[in-house]
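Heads up, the thing below is written out as C-alpha cells.
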Amino acid sequence: MTNDHSGLHHRSIRKFSAAPSLAQQRALEDVAQATASSNFLQQVTLIKVTDPQKRQQIADLTNCPFVAGDGLLYVFVLDQHRNIETAHLTEDQAAHFTGWAGFFGGVADAELAAQNVLAEAERSGLGGCFLGSVLNDPRQMIALLALPRFTFPVLGLMVGVPAEAPQQKPRLPHSAVVGENTYPAAQDLKDYDTTLNNYYRTRAWNAREETFTDSLLAYTKTDLHHRLEIGQILREQGFHLPQ
Ligand SMILES: Cc1cc2nc3c(=O)[nH]c(=O)nc-3n(C[C@H](O)[C@H](O)[C@H](O)COP(=O)(O)O)c2cc1C
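So in UniProt numbering, spot 221 of the sequence shown is number 221, and the numbers just go up one at a time.
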C-alpha cells in the first residue's frame, strides 16, 4: 500500500493560464463517470461551458469574474430526466426519482463526481474552484444550459492550469470535527480564530482582519440572491419535495 496524501495539498485556484487539454478534459470526464453512484442510477450530467457569452453571463450571476477568463467551466447537473425518459416512466411511476430520495441521490452523485474531478485535476497538476454560486440564479442557469424537467444545476467547477499558488487555509482542529461514536465534545475555538485571523491578515490576496467566528456572523448578512426560491424552482423542474 502506498500513502497518497495529495488531498492534503488542496487549495482553490481562481486564476488560470489555460484550460485543460482535450485529453485532460476527457480524463476528467471519465473520472466523473467512474465515481460511485447512489443506487447506481447515474444521476448526473456534466455540461462543459465553452461559449464566451454564456461564460460571461455565468460570471455575472455568480459574482465570480474569473469564470469568464481562462480555464474551463463544468456544471454538474442533478439529472433524473435521462432515467425517467429511458424507462418511459409516467409522472406517478417517476415519484422515486422526483421525491426526496431522488433529490438526495442526485445531489450526492453530482457533488461526489465534482469532487472526484477536482481531485483528479489536482493530481494531474491542474487546479480548480467550485462554484456553489450557480445557485444564485438557478432559473437563469436552467435557461442558459437548456436544462430539461427533472434536472437541476447543483454545482459549477472552474478548472485549468493554475496561474496562482495561494496559501492553504487552516482548517478547524481535528478534535472539533471528528467524533468517535458520538458527536464531539464542545471545543473552545479561540485558538482557531487566532490562527485563521493570522492567515487572513498575512495572505498575499485580499488580506483582512477576520476570524472564523467573524465569518460565521458575516455569512448571516450575505445576499442569498434567488436561493430562497430554490424550493419553488425545484417544483417548476418537476420535483416534488413535501415538508
Ligand atoms: C460547495 C462549494 C461551493 C463553493 N462555491 C464557491 C463560489 O461560488 N465561489 C468561490 O470563489 N469559491 C467557492 N467555493 C470555494 C470555497 O470558498 C473554498 O473551498 C473555501 O474558502 C476553502 O478554501 P480552499 O478550497 O482554498 O481550501 C466553494 C466550495 C464548495 C465546497
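We put the CB at the ideal spot given by N, CA and C, even for glycine.
Item, Value
"Please check the pair T45 and R82, which I expect to be a contact at CB under 8 angstroms, by giving their CB distance rounded to whole angstroms.", "7 angstroms"
"Please identify the residue among C129, E122 and F150 whose C-alpha is closest to the C-alpha of W100.", "F150"
"Alpha carbon to alpha carbon, how far is T50 from R201?", "36 angstroms"
"Taking all protein chains shown into account, do 16 or more other C-beta atoms lie within 10 angstroms of the C-beta of E122, making it buried, or fewer, making it exposed?", "buried"
"Determine, using beta carbons only, whether G160 and A59 come nearer to each other than 9 angstroms.", "no"
"State buried or exposed for T220, treating a residue as buried only when at least 16 other CB atoms are found within 10 Å of its CB.", "exposed"
"With respect to the alpha helix (DSSP H) encompassing T194, which residues constitute its N-terminal and C-terminal limits?", "K190 to T202"
"Return the chain-ordered list of same chain residues with a C-beta closer than 6 angstroms to the C-beta of R11, the five sequence neighbours on each side being excluded.", "P166 and Q168"
"By how many angstroms is the C-alpha of A146 removed from the C-alpha of K54?", "12 angstroms"
"If you run the structure through DSSP and keep just helix, strand and coil, what is F150?", "coil"
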